[in-house]
Amino acid sequence: MTKADVIAEISDKTGIDKADVSSAIESFFSVVKDNLANGEPIYVRGFGSFVNKKRAHKIARNISKNTSIEIPEHFIPSFKPAKTFVEQVKSNAK
């Protein structure tokens, strides 16, 4: 399912114009990106958490050149689903 499909389904279920739904979804994504970029997690009860995960400093190998590469400590965005969300998916999985 693409973002356009999600927008169309929400519009059909709520009766709200697709342009308004699209604007709301884009605003939600913008808020999530901005807060994660500032290091602030987002918790949505019953759905899940958007958090930054810390990746430790490590030494990696470039196999083609046979050299070492130093990768500094950094953060990556991550999503952790809520228990109720996971249980719903497990019970409906086919």
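Under my numbering, the first residue of the sequence shown is numbered 2, with each subsequent residue one higher. Think of the CB as a built atom: it goes at the ideal place given N, C-alpha and C, for glycine as much as any other residue. Given the structure is predicted, the values throughout are model-derived calculations rather than measurements.
Please name the residue, chosen from the options, that lies closest to residue i on a Cα-to-Cα basis.
| i | options | result |
| --- | --- | --- |
| L37 | F76, Q89 and A25 | F76 |
| K54 | S65, E41 and I60 | E41 |
| V87 | G49, I60 and E74 | G49 |
| H58 | I70, K66 and A5 | I70 |
Thinking C-beta only, is residue j closer than 8 Å to residue i?
| i | j | result |
| --- | --- | --- |
| V52 | S12 | no |
| I8 | S28 | no |
| I72 | A61 | yes |
Where does residue i fall in DSSP's three states?
| i | result |
| --- | --- |
| E71 | strand |
| N39 | coil |
| I64 | coil |
| I77 | strand |
How far does the beta strand (DSSP E) with residue i in it extend, from its first residue to its last?
| i | result |
| --- | --- |
| F51 | G49 to R56 |
Is the stretch 39 to 46 close to the stretch 15 to 28, with three or more CB pairs under 8 Å? By the Cβ test, the stretch 39 to 46 is not in contact with the stretch 15 to 28, since fewer than three Cβ pairs between them sit closer than 8 Å.
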